[in-house]
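Protein chains: 2
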Amino acid sequence: MTRTRLSPVERRAQLLDLGMVLLAERGLDDLSIDVLAEHAGISRGLLYHYFSDKRDFHLAVLRRMSEEVVAITAPPTGGTPMTRMMASLEAYVGFVGTNRAAYASFLRAARSGDAEFHQIYEESRTALLDRIFEVSDAEELAALGLYDDPRGHLLVRGWSALVEETVMAWLEDPAGLSREELLTLLTAALPGITLAVQPTPR
Amino acid sequence: MTRTRLSPVERRAQLLDLGMVLLAERGLDDLSIDVLAEHAGISRGLLYHYFSDKRDFHLAVLRRMSEEVVAITAPPTGGTPMTRMMASLEAYVGFVGTNRAAYASFLRAARSGDAEFHQIYEESRTALLDRIFEVSDAEELAALGLYDDPRGHLLVRGWSALVEETVMAWLEDPAGLSREELLTLLTAALPGITLAVQPTPR
Numbered sequence: 001m002t003r004t005r006l007s008p009v010e011r012r013a014q015l016l017d018l019g020m021v022l023l024a025e026r027g028l029d030d031l032s033i034d035v036l037a038e039h040a041g042i043s044r045g046l047l048y049h050y051f052s053d054k055r056d057f058h059l060a061v062l063r064r065m066s067e068e069v070v071a072i073t074a075p076p077t078g079g080t081p082m083t084r085m086m087a088s089l090e091a092y093v094g095f096v097g098t099n100r101a102a103y104a105s106f107l108r109a110a111r112s113g114d115a116e117f118h119q120i121y122e123e124s125r126t127a128l129l130d131r132i133f134e135v136s137d138a139e140e141l142a143a144l145g146l147y148d149d150p151r152g153h154l155l156v157r158g159w160s161a162l163v164e165e166t167v168m169a170w171l172e173d174p175a176g177l178s179r180e181e182l183l184t185l186l187t188a189a190l191p192g193i194t195l196a197v198q199p200t201p202r
Numbered sequence: 001m002t003r004t005r006l007s008p009v010e011r012r013a014q015l016l017d018l019g020m021v022l023l024a025e026r027g028l029d030d031l032s033i034d035v036l037a038e039h040a041g042i043s044r045g046l047l048y049h050y051f052s053d054k055r056d057f058h059l060a061v062l063r064r065m066s067e068e069v070v071a072i073t074a075p076p077t078g079g080t081p082m083t084r085m086m087a088s089l090e091a092y093v094g095f096v097g098t099n100r101a102a103y104a105s106f107l108r109a110a111r112s113g114d115a116e117f118h119q120i121y122e123e124s125r126t127a128l129l130d131r132i133f134e135v136s137d138a139e140e141l142a143a144l145g146l147y148d149d150p151r152g153h154l155l156v157r158g159w160s161a162l163v164e165e166t167v168m169a170w171l172e173d174p175a176g177l178s179r180e181e182l183l184t185l186l187t188a189a190l191p192g193i194t195l196a197v198q199p200t201p202r
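Just so you know, the sequences run in chain order A and B. full-length UniProt numbering puts the first residue of the first sequence at 1, with every later residue one more than the last. full-length UniProt numbering puts the first residue of the second sequence at 1, with every later residue one more than the last.
1. State the Cα-Cα distance for the pair R55(B) and R11(A), rounded to the nearest angstrom.
2. With burial defined as no fewer than 16 other Cβ atoms inside 10 Å of the residue's Cβ, what is the status of D114(A): buried or exposed?
3. For A87(B) and chain A, any beta-carbon pair shorter than 8 angstroms?
4. Step through the CB atoms of chain A and report whether any lies within less than 8 angstroms of the CB of D148(B).
5. Rounded to whole angstroms, how far is the Cβ of A196(A) from the Cβ of G192(B), which I believe are closer than 8 angstroms?
6. Which residues of chain A have a Cβ atom closer than 8 angstroms to the Cβ of G158(B), listed in chain order?
7. Determine the DSSP secondary structure at R202(B), reduced to helix, strand or coil.
8. Closer than 8 angstroms by beta-carbon distance: list the chain B residues that pair up with S112(A), in chain order.
9. Confirm, please, whether the CB-CB distance from M85(B) to T187(B) is below 8 angstroms.
10. Between A169(B), V35(B), L162(B), D173(B), which lies nearest to L18(B) when the distance is taken from Cα to Cα?
11. Give the straight-line distance between the Cα atoms of P174(A) and D29(A), rounded to the nearest whole angstrom.
12. Measuring only the C-alpha atoms, how far is V21(B) from E123(B)?
13. Please compile the residues from chain B whose C-beta is within a distance smaller than 9 angstroms of the C-beta of D173(A).
14. Quick check on I193(B) - is its C-beta less than 8 angstroms from some C-beta in chain A?
15. Identify each residue in the stretch 58 to 89 of chain B for which the Cβ-Cβ distance to at least one residue of chain A is less than 7 angstroms, and report them in chain order.
16. Determine the DSSP secondary structure at F51(A), reduced to helix, strand or coil.
17. Can you grab the Cα-Cα spacing for the pair R125(B) / F133(A), in whole Å?
18. Going along the stretch 128 to 149 of chain B in order, which residues come within less than 8 angstroms of chain A, judged by CB to CB distance?
19. Quick one: what does DSSP say I193(B) is sitting in, helix, strand or coil?
20. With E90(B) as the anchor, note down where its alpha helix (DSSP H) starts and where it stops.
21. Less than 8 angstroms between the beta carbons of G79(A) and L171(A), yes or no?
22. Which of the three DSSP states is assigned to V70(A) in this structure?
23. Within the continuous alpha helix (DSSP H) that includes V135(A), where are the two ends?
24. Can you tell me whether Y147(B) is helix, strand or coil according to DSSP?
25. In chain order, what residues of the same chain have a beta carbon less than 6 angstroms from the beta carbon of L182(A), not counting five sequence neighbours either side?
26. Please list the partners that L46(B) has in chain A, where partner means a Cβ-to-Cβ separation under 7 angstroms.
27. To the nearest angstrom, report how far apart T57(B) and F117(A) are at their CA atoms.
28. Could you say which of L162(A), D137(A), S32(A) lies nearest to P77(A) if we only look at CA atoms?
29. Can you name the residues of chain A whose CB is closer than 8 angstroms to the CB of L177(B)?
30. Roughly how many whole angstroms lie between the Cα atoms of E140(A) and S88(B)?
31. Between G27(A) and the rest of its own chain, which residues show a CB-CB distance below 6 angstroms, the 5 nearest in sequence each way excluded?
32. Taking all protein chains shown into account, do 16 or more other C-beta atoms lie within 10 angstroms of the C-beta of R157(B), making it buried, or fewer, making it exposed?
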């Protein structure tokens with residue numbers, strides 16, 4: 001870690017980036033303030049200016065990860081719903097591919113039964129999924145068999161679980177699918193699902 | 001719990017069923033031998049004849065749950081791949097609906113990062129997914145855009161994540177979908193996904 005003069009906010013962000021890197025090499029349980037201090041080359045005492053305790057540090061790292069995923073997958077403003085979604089998914093696959101072990105730790109934490117960890121995950125997932133409805137108008141959505149209603153959100157949520165599982169499994173074993181084919185599949189799966197039952201406009 | 005004379009095997013099975021019921025009211029962490037003893041109305045000492053410790057008991061309860069899911073979702077032998085899948089999914093939705101809190105605890109345990117818990121979950125999932133390939137011949141599968149190869153297994157795995165997520169979310173909030181519509185959707189989603197990319201027969 002460089003020793004340039006950073007503002008406290010910048011320094012904290014840098015420590016969180018380091019936290020994400022360290023998370024790739026160990027589970028959240030083994031990510032202590034000691035480990036962070038050692039790798040950041042600064043004292044434990046100084047770290048407690050940034051994080052009140054291990055738990056606070058963990059929550060901040062998970063939030064950082066979740067914000068990164070949301071930021072990096074921001075879709076382009078132009079194009080069709082499908083090209084926008086493809087662009088988002090490409091960024092998602094890129095991010096998860098680059099930060100695979102850390103992202104796996106993030107998912108494990110989110111699903112461990114810890115309510116706060118789960119909430120951080122849910123917030124980012126909701127942000128990602130709401131975006132699908134926000135960046136398309138009603139006519140574009142209808143062409144995908146999607147309506148901005150509870151049912152539409154349920155379908156998109158199911159699809160997002162498919163995306164997450166398929167991407168993690170594909171990174172482990174591509175099973176003969178190129179990245180291009182994977183992205184095409186994930187994108188096409190949404191209308192594949194939503195159009196599978198006759199949509200009921202309301 | 002009735003006091004009829006049971007064989008040790010039957011008694012153990014009965015204790016595991018009770019374990020599943022108790023799991024619905026608390027997480028795995030709070031499911032102790034003490035709690036089991038109290039609800040079974042038998043002594044801790046006797047319980048240690050069946051389970052060597054809390055961990056052994058937990059593993060056995062999770063295995064029981066996983067075997068139940070596999071057994072209860074066994075598809076009928078007749079019919080088309082789609083009617084067989086619909087029947088399996090109906091049984092799955094019924095089981096998860098009846099045992100919702102216990103199943104949620106099961107999923108949380110499976111995803112907590114505990115390797116043995118995860119393996120129990122993976123074994124049942126693999127058994128469920130392999131069945132899709134086993135109960136259909138190559139021609140039936142091809143009509144669904146499915147081939148019994150690594151790619152086909154990857155697609156089915158992604159679909160199974162969609163099923164799990166959608167069913168749990170639907171139980172929490174049906175979002176205007178009837179059970180019938182849910183089952184139609186889950187069944188139709190598989191060919192919806194597999195046919196989304198042009199299948200490459202090999």
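Glycine is no exception: its CB is placed at the ideal position from the N, C-alpha and C atoms. Just so you know, these numbers come straight off a predicted model, no measurement behind them.
In short, the structure shows the following:
1. Against the second sequence, residue 55(B) aligns to sequence position 55. Against the first sequence, residue 11(A) aligns to sequence position 11. Roughly 43 angstroms between the two C-alpha positions.
2. Your numbering for residue 114(A) matches position 114 in the first sequence. The residue is buried, with at least 16 neighbouring Cβ atoms inside 10 Å.
3. Working through the second sequence from its first residue, we reach residue 87(B) at position 87. Chain A contact via Cβ: absent.
4. Walking along the second sequence from the start, residue 148(B) turns up at place 148. For D148(B), the answer is no, since every Cβ of chain A falls outside 8 angstroms of its Cβ.
5. Residue mapping note: residue 196(A) aligns to position 196 of the first sequence, counting from 1. Residue mapping note: residue 192(B) aligns to position 192 of the second sequence, counting from 1. Right, their Cβ atoms sit about 4 angstroms apart.
6. For this step, residue 158(B) is matched to residue 158 along the second sequence. Within 8 angstroms Cβ-Cβ: L162, V163, E165, T166, A169, A189.
7. Here the question's residue 202(B) lines up with position 202 in the second sequence. Because the pLDDT of R202(B) is 45, which lies under 50, any placement of that residue in the model is unreliable, and the number read from its coordinates should be weighed accordingly. In the displayed model, R202(B) falls within coil according to three-state DSSP, outside both helix and strand.
8. Residue mapping note: residue 112(A) aligns to position 112 of the first sequence, counting from 1. Result: R108, R111, S112, G113.
9. Here residue 187(B) refers to the residue found at position 187 when the second sequence is read from its first residue. Here residue 85(B) refers to the residue found at position 85 when the second sequence is read from its first residue. Yes, these two residues count as a Cβ contact at 8 angstroms.
10. For the purposes of this step, residue 18(B) is identified with residue 18 of the second sequence, where counting begins at 1. Distance check between L18(B) and each of A169(B), V35(B), L162(B), D173(B) places V35(B) closest, using alpha-carbon atoms only.
11. For the purposes of this step, residue 174(A) is taken as residue 174 along the first sequence, with counting starting at 1. For the purposes of this step, residue 29(A) is taken as residue 29 along the first sequence, with counting starting at 1. Their backbone Cα atoms lie some 30 angstroms apart in a straight line.
12. Along the second sequence, one-based indexing puts residue 21(B) at 21. Along the second sequence, one-based indexing puts residue 123(B) at 123. So the alpha carbons of these two residues sit roughly 22 angstroms apart.
13. Locating residue 173(A) in the first sequence gives position 173, counting from the first residue. Neighbours of D173(A) on chain B, chain order: P150, L154.
14. Stepping through the second sequence from its first residue, residue 193(B) is reached at position 193. It does: the Cβ of I193(B) has a partner Cβ on chain A nearer than 8 angstroms.
15. Within the stretch 58 to 89 of chain B, no residue has a Cβ lying closer than 7 angstroms to any Cβ of chain A.
16. On the first sequence, residue 51(A) is found 51 positions in, with the first residue counted as 1. For F51(A), the three-state secondary structure derived from DSSP is coil.
17. The residue labelled residue 125(B) in the question sits at position 125 within the second sequence. The residue labelled residue 133(A) in the question sits at position 133 within the first sequence. The straight-line gap from Cα to Cα measures roughly 32 angstroms.
18. Listed by position along the chain: D149.
19. Here residue 193(B) refers to the residue found at position 193 when the second sequence is read from its first residue. In the structure shown, I193(B) sits in a helix (DSSP, three-state: H, G or I).
20. On the second sequence, position 90 is the one that residue 90(B) refers to. Counted as a single uninterrupted DSSP element, the alpha helix (DSSP H) harbouring E90(B) occupies residues 81 to 98.
21. Here residue 79(A) is taken as the residue at index 79 of the first sequence, counted from 1. Here residue 171(A) is taken as the residue at index 171 of the first sequence, counted from 1. Against a cut-off of 8 angstroms, the Cβ pair of L171(A) and G79(A) comes out as no contact.
22. Position 70 of the first sequence, counted from the start, is the residue given in the question as residue 70(A). Helix, per DSSP.
23. Residue 135(A) sits at position 135 when you count from the first residue of the first sequence. Unbroken run through V135(A): none, as it is neither H nor E.
24. Here the question's residue 147(B) lines up with position 147 in the second sequence. The answer is coil: DSSP assigns Y147(B) none of H, G, I, E or B.
25. Residue mapping note: residue 182(A) aligns to position 182 of the first sequence, counting from 1. Leaving aside the five residues that flank L182(A) on each side, the residues in its chain whose CB is nearer than 6 angstroms to its CB run, in chain order, W170.
26. Translated into the one-based positions of the second sequence, residue 46(B) becomes position 46. Near L46(B) there are no residues of chain A at all, since even the closest Cβ is about 30 angstroms away, more than 7 angstroms.
27. The residue given as residue 57(B) occupies position 57 in the second sequence. The residue given as residue 117(A) occupies position 117 in the first sequence. The residue asked about is misnamed: residue 57(B) is Phe in this sequence, not Thr. If I take the Cα positions, the gap works out to 27 angstroms.
28. What you label residue 77(A) is simply residue 77 of the first sequence in a count that begins at 1. Strictly speaking, residue 77(A) in this sequence is Thr, with Pro absent from that position. Measuring from the Cα of T77(A), the nearest candidate turns out to be D137(A).
29. In the second sequence, the residue the question calls residue 177(B) occupies position 177. For L177(B), the chain A residues whose C-beta falls within less than 8 angstroms of its own C-beta are R151, L154, listed in chain order.
30. For this step, residue 140(A) is matched to residue 140 along the first sequence. For this step, residue 88(B) is matched to residue 88 along the second sequence. Distance between the alpha carbons of E140(A) and S88(B): 34 angstroms.
31. Position 27 of the first sequence holds residue 27(A). For G27(A), where only same-chain residues beyond five positions count, the Cβ hits under 6 angstroms are S105.
32. Here the question's residue 157(B) lines up with position 157 in the second sequence. It is buried - the Cβ of R157(B) has at least 16 other Cβ atoms within 10 Å.
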